[in-house]
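A quick write-up on the structure given underneath.
Chains as they are written, first to last, in this note's numbering: chain A, 3 to 465; chain B, 3 to 465.
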């Protein structure tokens, strides 16, 4: 079909003015007087809408007047400049064809609906202003991340979703099975007979692609993953989803400084990309969702990220322990309140905290010479707290093995991972960025359910 | 670390010649004579390798001589042109630092290993020439697909992986559960008590994001998905994996012709992108994996895809029924042998077959006026057969409902999908591209296990 999009019209208005064009879209609002009427149309290609003027000279004038919000129409007409009006131009229609009417019980009327209500109609909410903005920006952020890494010749690796290993020894995982749950087959000694399962063993959904990613970094030098990860955590918060996307770059011949430079470069790149490619959406967020958003993001673009060790950070925070629900002490994990205090009150810009106690970090992080801390880094940003977590990896076979044994991990489960330290080991580093947290950060949206098209949380798996 | 990559050296050789640079990489081969030696190094950034010359003037000359294939080193030295030699330049080293040696049982020696063997060491095989080429090209194809759609303002939608619905009423799905398999909770009447499961109901892994994707196309007009999908099919072939990635674009205000134009444009775009960005890898495939590859791909670039209806195609094929294992007749599903005959022997180029009998296609495809066929299209390519399957979707509420009832689908399970036909329905179309099949097509690799980093197939879920 030879239709012009609203985006094309706005981007190349000079070319289309006074021309006859056809546009397809959905009715956002409609009002008529006796001899003519106005329809505001969105075609989803652009945040702004387009005004259509129609007249009673049309044979289907009555049909048009009766259209409801949400109806799909195709309009033929001439694009006319309207310098006196709110909108820059409108279409003087010669034909309005109804593709599909909208039933009178259409759940989205021309009024403000609460986010809570809109979550109950996740198949329709992308038709609203807020979710048009959220999900277009989500798409742009995803692409900007790919572009950032591909321009730097990172290889995109699809690490597996179904896994037989438990990456970090971490947390609650979803089991994946083809066994008949009504009638689980058992072995002679009464255990589940996984030899009858699809993969011949117990499997679950991955919580991280990092360990697999490292194997590819040791072949391609610079790689990144970008895929779904899963947590079966029973936590009903505004920041946790059971299914979310992660980006995990990994670089060989790279230390913690290289890692932080990559992370800072990535965040700035993505912010710049979105401000450039979705200015209408970003202004909308700044006006209606989070008033300080643009100032904050521009602040990030214009600052060098701060750097502080965990030990120094604890000293700073201890001086303000009165202000915190959880008091800090050397060895404690930082809570969001501490992270936000550091980045918002002390440094007033994004901040890397490095060299955490080994006890509160994962087994694969590189032990520092002090034997107490590891070469970890968390990136904290104003308004959120931690947005990125990463580290240099332990590349010494013996140290890695002994750390695994200390923590009770079975070396035979990690043979492939130990192999990387046996055959051409080299310093290497990487980090993880929770994609949804990044979308929340860039849009100002406060609930993770509102930045995922069809969110999965405890007791919620609709559509 | 301030290291120059092998890719940078090859791309900007003039800039680096006669300069002192440092390079990190892994030993591909090493040989020494009395006073000096040669190391061929790969750093994974580029398909070509780099030759290093080292001398017995170095304090660690003996250590270097003893290095094994696979060892990680950092080399400092001067890049020197070698116009007489096989390689265009080499590094005259002043320092060779061993980052990590490689144990003597390194499984990859300088000889040809079979693909079967390499599948048993999926964490090391990306270090070989073939898999360096496969997985860099896989990464480039993924990016080219994103670029194609983003340049056209398609919105990238992450449709959910965990689902409570069974998209096409199709096939074997993996169940997802947090129930204790050792001790499945039961209700009073003996059924599995899913109220105790994480999502409060039975859930499984998605087989397609299409239906969810359509809801976003009816808001954004043009969207695409690119994510993992799953089939618990017990089929042990070279073309089936339990976990694979799919691309599913969907366009509103678009008919079957728009759909085919989008698919043809995408395939050509991706081929062109890969030929331009990975010429070394593509030449390697053409030389060592599939001798007709480049000729075939260039043929695609330079041809308009053919178009034939299913009914016409059956007439053509019936004349050659002698040649087929499965004889064709109107109403039968096309087998790979038929598809390949059409595209390779009859049309000798990529081909769209359209308007299939409704009985062999999915319920959501648009019924044609003949009431017998649907507005479906399969794209067939030489060497593979079907690579893309798509259709215009049924946008008429009543027709969709009656088709669902004919097939015994419960309308209440598809309420959200029916809503799209109730509130502003419009003609719309989309297709699905199996990403791995696309990678096989562009590389000439014959087994899907060799184009997935860590493949999942029946009884196989390693690493």
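Ideal placement from N, C-alpha and C gives every residue a C-beta, glycine not left out.
Check the Cβ of residue 245 of chain B against every Cβ in chain A and list those closer than 7 Å, keeping chain order. Result: 162, 163 and 164.
Apply the 10 Å Cβ neighbour rule to residue 221 of chain B and answer buried if 16 or more other Cβ atoms are within range, or exposed otherwise. Residue 221 of chain B should be labelled buried.
Just checking: is the beta-carbon of residue 210 of chain B within a distance shorter than 9 Å of some beta-carbon in chain A? Closer than 9 Å: no.
Buried versus exposed call for residue 119 of chain B [16 or more other C-beta atoms within 10 Å across all chains shown]: It is exposed - the Cβ of residue 119 of chain B has fewer than 16 other Cβ atoms within 10 Å.
Between the stretch 25 to 33 of chain A and the stretch 59 to 74 of chain A, are three or more C-beta pairs nearer than 8 Å? Yes: at least three Cβ pairs fall under 8 Å.
Close Cβ partners of residue 260 of chain A (< 8 Å) along its chain, the five nearest in sequence each way excluded: Counting only residues of its own chain and dropping the five nearest sequence neighbours on each side, residue 260 of chain A has a CB closer than 8 Å to the CB of 253 and 431.
So, with DSSP's three-state summary, where would you put residue 288 of chain B? Residue 288 of chain B falls in the helix class under three-state DSSP.
Check whether the Cβ atoms of residue 374 of chain A and residue 384 of chain A lie closer than 9 Å to each other. No.
Quickly, what does DSSP pair residue 242 of chain B with across the bridge? List them, please. Note: residue 242 of chain B sits in no beta bridge, so no partner.
Where the alpha helix (DSSP H) containing residue 381 of chain B begins and where it ends: For residue 381 of chain B, there is no enclosing alpha helix (DSSP H); the residue is part of the beta strand (DSSP E) that begins and ends at 375 to 383.
Beta-carbon of residue 111 of chain A versus every beta-carbon of chain B: anything under 9 Å? In terms of beta-carbon proximity, residue 111 of chain A stays away from the interface with chain B, with every pair separated by 9 Å or more.
Compute the Euclidean distance between the alpha carbons of residue 225 of chain B and residue 212 of chain B, then round it to the nearest angstrom. Approximately 11 Å, taken between the alpha carbons.
Assuming the contact rule is C-beta atoms closer than 8 Å, residue 102 of chain A and residue 397 of chain B should be a hit. Round their C-beta distance to whole Å, please. That pair is a contact at about 7 Å.
Helix, strand or coil: how does DSSP classify residue 177 of chain A here? Looking at residue 177 of chain A - three-state DSSP - the assignment turns out to be strand.
Closest by CA to residue 251 of chain B, which one among B:361, B:121, B:426 and B:390? Ranking B:361, B:121, B:426 and B:390 by Cα distance to residue 251 of chain B puts B:390 first.
Going straight from the alpha carbon of residue 198 of chain B to that of residue 205 of chain A, what length do you get? Straight-line Cα distance between these residues: approximately 20 Å.
By the three-class DSSP mapping on this structure, what secondary structure does residue 253 of chain A have? Note: residue 253 of chain A maps to strand in three-state DSSP.
On the criterion of 16 or more Cβ atoms from any shown chain inside 10 Å, does residue 362 of chain A qualify as buried, or is it exposed? Within 10 angstroms of the beta-carbon of residue 362 of chain A lie fewer than 16 other beta-carbons, which makes it exposed.
In three-state DSSP terms, what is residue 172 of chain A? Confidence at residue 172 of chain A is low in this model, with a pLDDT of 48, below 50, so its placement is unreliable and no value can be given for it.
Mind listing the chain A neighbours of residue 460 of chain B? Cutoff is C-beta to C-beta under 9 Å, in chain order. Within 9 Å Cβ-Cβ: 200, 201 and 202.
Quick one: Cα of residue 290 of chain A to Cα of residue 179 of chain B, how far? Cα to Cα, the separation comes out at about 39 Å.
Should the stretch 235 to 242 of chain B be called in touch with the stretch 442 to 462 of chain B, which here means at least 3 C-beta pairs below 8 Å? Contact between the stretch 235 to 242 of chain B and the stretch 442 to 462 of chain B is present, with at least three C-beta pairs closer than 8 Å.
Neighbourhood of residue 11 of chain B by C-beta distance below 6 Å, restricted to the same chain and skipping five residues each side: Taken in chain order, the residues that qualify are 18.
Could you check the C-alpha separation between residue 308 of chain B and residue 266 of chain B for me, to the nearest Å? Approximately 10 Å, taken between the alpha carbons.
Taking the straight line between their C-alpha atoms, what separation do you get for residue 445 of chain A and residue 144 of chain A? Computed Cα separation, rounded: 14 Å.
Minimum Cβ-Cβ distance from residue 262 of chain A to chain B less than 9 Å: Not one chain B Cβ lies under 9 Å of residue 262 of chain A.
Does the CB of residue 236 of chain A have a neighbour CB from chain B at under 9 Å? So yes, residue 236 of chain A belongs to the interface.
Spatial neighbours of residue 36 of chain B within its chain, please: C-beta separation below 8 Å, excluding the five flanking residues on both sides. 58, listed in sequence order.
List, in chain order, every chain A residue whose beta-carbon is nearer than 7 Å to that of residue 45 of chain B. Chain A residues near residue 45 of chain B: 223.
Note down, one range per segment and in chain order, each beta strand (DSSP E) of at least 3 residues found wholly within the stretch 62 to 114 of chain B. Listed in chain order, they are 74 to 83 and 91 to 102.
For a contact meaning CB atoms closer than 9 Å, what does residue 179 of chain A contact in chain B? Ordered by position in chain B, the residues that pass the 9 Å Cβ test against residue 179 of chain A are 176, 177, 178, 179 and 183.
At a cut of 8 Å, does the stretch 271 to 279 of chain B reach the stretch 306 to 326 of chain B through at least three beta carbon pairs? Too few Cβ pairs lie closer than 8 Å, so no.
When DSSP builds the beta bridges, which residues end up paired with residue 188 of chain A? In the DSSP output, where bridge partners are listed per residue, residue 188 of chain A has A:194.
Let's see if you can read the secondary structure: which residues bound the beta strand (DSSP E) around residue 53 of chain A? According to the DSSP assignment, residue 53 of chain A belongs to the beta strand (DSSP E) that extends over 52 to 57.
Contact the stretch 330 to 343 of chain B vs the stretch 174 to 189 of chain B: 3+ CB pairs below 8 Å: As far as the Cβ criterion goes, the stretch 330 to 343 of chain B does not touch the stretch 174 to 189 of chain B, which means the pair count is below three.
Report the residue from A:298, A:322 and A:262 whose alpha carbon sits nearest the alpha carbon of residue 393 of chain A. Closest by alpha carbon: A:262.
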